[in-house]
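Just so we're aligned, residue 279 is where the sequence shown starts under this note's numbering, counting upward by one.
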Amino acid sequence: MELLTYSNIASTQDTARQIALDGHLLPFAIIADTQSKGRGRRGKSWDSPPGGLWLTLALPVPSAEAVRQSAMVAAHAVASVVLTETGIRTLVKWPNDLLVKRRKICGILTETLVQSGTTTLLIGIGINVNNVVPPDQLPRATSLIRELGNSIDLQHLCASILNTVERDMNMLILRGFETFRPWMDANLALRDELVMVEFNDQRESGRVAGLSRTGALLLKVPDGSLKEVDAGSVYDW
Ligand code: BTN
């Protein structure tokens, strides 16, 4: 895969979108040392100082279902690499945040670009690696350096993550989400906890009960029934 690296850009998502629009061969990855307008989900900004890993992978994707599942698959890839490289276990706050001891260490933003019938998937991954996350400003975030007590090789981590995300996405496309479901279910954060889920301007609260066959979140709602949520954001109390 071709890697395009920058010292500072507004957002790797925006650069990847522009380069894909210009017809660049897929897959490719955009990596930046810092971003001046890093974007999170739901229009939030994303702090991207030096020392973190800020990248976007652009690759073709065959179906809307694979787009929806790709965020979880990317979370699986990052969690596997982080565990192998550092020994740190992260849990997935459905669908795509990675937490260490309830603090966010990685955020994933998936977007698409549709051009003459073909869909390009842009998987944006932000990981707090060697950047210090000030606890007074970001009490619900952490970084690998803080958890480990030492810095790690950013380039090596980046290469492993790109390879693993690409491998896992190929696996999703060939074999389907069923390959990832047992891992996702076993590594789900906030299990049995009361959460509020926001989706399509609606809110639903309930306890995290697990994942459906296709990767939807199963919520046990107050009347005791299970509700499947396909896409949304989870807030714990
Ligand atoms: C979230 O948790 O809200 C998602 C955060 C995604 C951040 C990454 S950093 C690399 C890529 N470029 C961006 O502007 N955002 C994503």
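Glycine included, every Cβ here is placed at the ideal spot set by N, Cα and C.
Since the model is a prediction, treat every value here as computed from it, not as a measurement.
Asked                                                                                                                                                          : Found
Whose C-beta lies closer than 7 Å to the C-beta of Q340 among residues of the same chain, with five residues either side of it excluded?                       : The displayed chain sequence assigns Pro, not Gln, to residue 340. Counting only Cβ-Cβ distances below 7 Å, and skipping sequence neighbours, we find I451.
What are the boundary residues of the alpha helix (DSSP H) that includes L440?                                                                                 : 432 to 453
Suppose only complete runs of 3+ residues qualify. What are the beta strand (DSSP E) ranges in the stretch 280 to 309, listed by chain order?                  : 280 to 287
Here's the rule I'm using: 16 or more other beta-carbon atoms within 10 Å means buried, otherwise exposed. How should N448 be labelled?                        : exposed
Assuming A270 contacts L377 under a Cβ cut-off of 8 Å, what Cβ separation, rounded to an integer in Å, is found between them?                                  : Because the chain is modelled from 279 through 515, residue 270 falls outside the range shown and cannot be assessed.
Is P413 helix, strand or coil when you go by DSSP?                                                                                                             : coil
Can you tell which of T397, L435, L391, D431 has the C-alpha that lies nearest to the C-alpha of A355?                                                         : L435
Work out the CA separation of G502 and Y284 for me, nearest whole Å.                                                                                           : 51 Å
I'd like to know whether the C-beta atoms of Q313 and F455 end up nearer to each other than 8 Å.                                                               : no
Count the C-beta pairs between the stretch 317 to 337 and the stretch 395 to 404 that are closer than 8 Å, then say yes if the count reaches three, no if not. : yes
Any chance the CB of L387 is under 7 Å from a heavy atom of ligand 1?                                                                                          : yes
So, I383 versus T334, is the Cβ gap smaller than 8 Å?                                                                                                          : no
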